[in-house]
Amino acid sequence: MVAAVAENGVIGAEANIPWKISEDFQHFKATTTGHVLIMGRTTHEGIGRPLPGRTTVVLTRDPGYTAEGVEVAHSITDALALADRLLAGQPDDRQVMIGGGAAVYEAALPYADEQILSEIPLSPAGDTHYPEFGKKRWREVRREPRDGFTIVWWERVFACGGA
Numbered sequence: 041m042v043a044a045v046a047e048n049g050v051i052g053a054e055a056n057i058p059w060k061i062s063e064d065f066q067h068f069k070a071t072t073t074g075h076v077l078i079m080g081r082t083t084h085e086g087i088g089r090p091l092p093g094r095t096t097v098v099l100t101r102d103p104g105y106t107a108e109g110v111e112v113a114h115s116i117t118d119a120l121a122l123a124d125r126l127l128a129g130q131p132d133d134r135q136v137m138i139g140g141g142a143a144v145y146e147a148a149l150p151y152a153d154e155q156i157l158s159e160i161p162l163s164p165a166g167d168t169h170y171p172e173f174g175k176k177r178w179r180e181v182r183r184e185p186r187d188g189f190t191i192v193w194w195e196r197v198f199a200c201g202g203a
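Numbering of the sequence shown is given in my numbering, commencing with residue 41 and proceeding in unit increments.
As structure tokens, this is what we get:
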């Protein structure tokens with residue numbers, strides 16, 4: 041999962057990102073290029089086109105939805121299964137990336153094993169928030185300060201069973 045998140049959890053305001061940080065957009069591009077990117081319909085339509093260098097799966101509840109240059113799925117499990125099929129036979133370094141919006145992040149969180157979050161040091165007004173994730177279930181593995189934001193890598197902590 042890849043997201044830019046303000047201090048107050050905001051990721052969007054009226055279908056827009058409420059800040060403009062060019063280097064973070066470049067980070068998103070570099071992180072997702074070459075991978076399968078799952079995003080919601082509103083996020084896709086806000087971008088206005090398929091993102092180059094990525095196979096995009098648009099997640100929507102609308103059974104009649106179509107869009108040029110993307111694949112369409114109607115549930116997170118269908119989107120993940122489609123992504124797995126799209127990755128079959130591809131190099132092992134290709135991954136499934138989740139690129140928003142809020143409902144897609146929320147639906148995908150139980151399936152995620154990594155989050156790459158750009159921490160934005162602002163608290164803008166917004167109507168879209170990144171889901172809460174139990175930090176006891178996640179471990180910060182890397183932190184990289186950048187100009188105007190910090191990228192933080194989180195990995196899921198898996199409980200070890202045994203006798």
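Glycine is no exception: its CB is placed at the ideal position from the N, C-alpha and C atoms.
With 16 other Cβ atoms within 10 Å as the buried cut-off, status of residue i
i	result
I191	buried
D124	exposed
D64	buried
T106	exposed
V209	There is no way to answer for residue 209, as the model of the chain reaches only from 41 to 203.
V98	buried
G109	exposed
I87	exposed
G141	buried
T168	buried
T117	exposed
V144	buried
A55	exposed
Three-state secondary structure assigned by DSSP to residue i
i	result
T100	coil
V197	coil
E47	coil
Contact with chain C by residue i, beta-carbon distance below 7 Å
i	result
A53	Here chain C cannot be found, since the structure has a single protein chain.
Cross-strand partners of residue i (DSSP beta bridge)
i	result
N56	A53
E184	I191
G80	L99
R179	E195
Within the stretch 88-175, ranges of the beta strand (DSSP E) (whole runs, at least 3 residues):
Here the runs fully enclosed are 95-99, 111-113, 136-138, 154-160.
Are there three or more Cβ pairs, one per stretch, closer than 8 Å when the stretch 149-156 is compared with the stretch 51-61?
With a cut-off of 8 Å, the stretch 51-61 and the stretch 149-156 do not count as touching, because too few Cβ pairs lie within range.
Between the stretch 70-81 and the stretch 173-189, do three or more beta carbon pairs fall short of 8 Å?
No contact exists between the stretch 70-81 and the stretch 173-189.
Given 8 Å, three or more beta-carbon pairs between the stretch 121-138 and the stretch 82-91
No, they do not touch.
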